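Enquirer: Numbering (our numbering), first residue to last: 4 to 371. One structure, as structure tokens, below. Some questions next.
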Amino acid sequence: MTDSPRKRIVVKVGSALIAPHKQGCSSHYLLGIAQFITYCRIQGIQVVLVSSGSVAAGWHHFEGQAQPSVTVKKAMAAAGQADMMATWNKLFDFPTAQLLLTHGDLRNRERYISIRDTIFSLLEHGLMPIINENDAVTADKLKVGDNDNLSAMVAAAADADTLVICSDVDGLYDQNPHEHPNAKLIKQVTEINADIYAMAGGASSDVGTGGMRTKIQAAEKAISHGIETFIINGFNADSFSQLLKGQNPGTLFTPYEKPMQEHLHWMTHTSQAQGEVIVEDDFDLALDQHSEQLTSDDVVEVKGDFSVGDTILVRKGDGTKLAKAKSNYSSCLLSFITEQDDQAFASEFQQKTGPIISDKNIAILKSI
Ligand code: GLU
């Protein structure tokens, strides 16, 4: 990245690069990555590493586990995380720091801000954060679940300008390259739409092109925050040399020219709705309109248990997601007004109490 305008990059490395045969960690594929990171730092580019691999690295301590239970996997993660950090630390001559996060941490605005502060402080003092999901403690409900999406959330939290996601293929192909030898590599993506998701393995499939679907989700999160995103082949050391030369070794996803505002990005891509407000099928929520338009008249049903200030999902009965928004009402109060037969009372109540959703805190969702 000669004379690179980049200031801060997030590199996401997957389990297969760290513990390729589930026989403990190997530095075989990590050397090129570590060299790349070191060159970036020499050029003054700050690096945050999102590293998977704790489960794969800890696997060999648990004999006879072809299909380990969730509990055993958590134990594997606890054992492997330390090995993984030790392996990375052998490759760097600068200090690193470990951050283990859950989605429960990232979707809580206060903890999210605290995570941001910690990352900034580490970077300011020359340490490289190495981040993974805290697999040893997370139950399903609290999990991000994959480190591709985690890396994009981290990139947004760290205000990175570049996200590099390592894959086992050269980038996004128009069809699965493992099955179609003539598959073509897509060098650049300017808009992530249904066609792009289809190339990644189909909207309903979770076994995409080399886990490509979660990588596209991550790219979507990142570019909407203004973060240039690359999917590259992490097994090929040449990918990193090309990146250093300012070339594109894989697929480049160009960032939005106008990134989403930080808090709306967090609401859309990191927070999780605590409940739902189901609205009439003909109701539409447009970006340029005001939130006052959502009144209890439009609400058909209130689902879940949420408090004032929680993120909620506004959707139609047919399932279409319209927006994520910060609720100014608790689910209890909203259900109470919605169920009122006396419309005059309900409308007077809302006039006094204020809009159901906050004007500045509505993230309109596009449906893919
Ligand atoms: N956090 C998991 C691990 O360290 C990996 C998740 C993923 O592969 O995306 O094993």
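Cβ atoms here follow ideal geometry from the backbone N, Cα and C, with glycine treated the same way. Note that this is a predicted model, so its numbers are computed, not measured.
Would the beta-carbon of V58 be found less than 6 angstroms away from any heavy atom of ligand 1?
Expert: Indeed, a heavy atom of ligand 1 lies less than 6 angstroms from the Cβ.
Enquirer: Take the Cβ of L34 as the centre, count every other Cβ of all protein chains shown within 10 Å, and call the residue buried at 16 or more, exposed below.
Expert: Its Cβ having fewer than 16 others within 10 Å, L34 is exposed.
Enquirer: Ligand 1 and D241: does any heavy atom of the ligand fall closer than 6 angstroms to the residue's C-beta?
Expert: No, the beta carbon of D241 sits no closer than 6 angstroms to any heavy atom of ligand 1.
Enquirer: Helix, strand or coil for E66 per DSSP?
Expert: The answer is coil: DSSP assigns E66 none of H, G, I, E or B.
Enquirer: Apart from the five residues on each side of it in sequence, which residues of its chain come closer than 7 angstroms, Cβ to Cβ, to T341?
Expert: Correct list, in chain order: S299, V302, V305.
Enquirer: Should the segment 182 to 199 be called in touch with the segment 114 to 126, which here means at least 3 C-beta pairs below 8 angstroms?
Expert: No, the segment 182 to 199 is not in contact with the segment 114 to 126.
Enquirer: Only counting the same chain, and skipping five residues up and downstream in sequence, which positions put a Cβ closer than 7 angstroms to that of R324?
Expert: Correcting the residue identity first, residue 324 is Lys in this sequence and not Arg. If we look at K324 and ignore the five residues flanking it on each side, its Cβ neighbours are L316, R318, L368, S370.
Enquirer: Going by Cα to Cα distance, which pick from S330, E223, I168, L175 is closest to N196?
Expert: Checking every option, the nearest Cα to that of N196 belongs to E223.
Enquirer: For S154, is the beta carbon positioned less than 6 angstroms from some heavy atom of ligand 1?
Expert: No, ligand 1 has no heavy atom inside 6 angstroms of this Cβ.
Enquirer: Got a sec: does ligand 1 put a non-hydrogen atom nearer than 6 angstroms to the Cβ of D149?
Expert: Yes, the Cβ of D149 comes within 6 angstroms of a heavy atom of ligand 1.
Enquirer: I want to check one thing, is the minimum distance from the CB of S55 to the heavy atoms of ligand 1 below 6 angstroms?
Expert: It does: the Cβ of S55 is within 6 angstroms (strictly closer) of some heavy atom of ligand 1.
Enquirer: For the alpha helix (DSSP H) containing E279, list its first residue and its last residue.
Expert: It is not in any alpha helix (DSSP H) - E279 instead sits in the beta strand (DSSP E) that spans 278 to 282.
Enquirer: Check K363 in the structure and name its three-state DSSP category.
Expert: In this structure, K363 counts as strand in the three-state DSSP scheme.
Enquirer: I'd like the span of the beta strand (DSSP E) that includes M131, first residue to last.
Expert: Unbroken beta strand (DSSP E) run through M131: 131 to 136.
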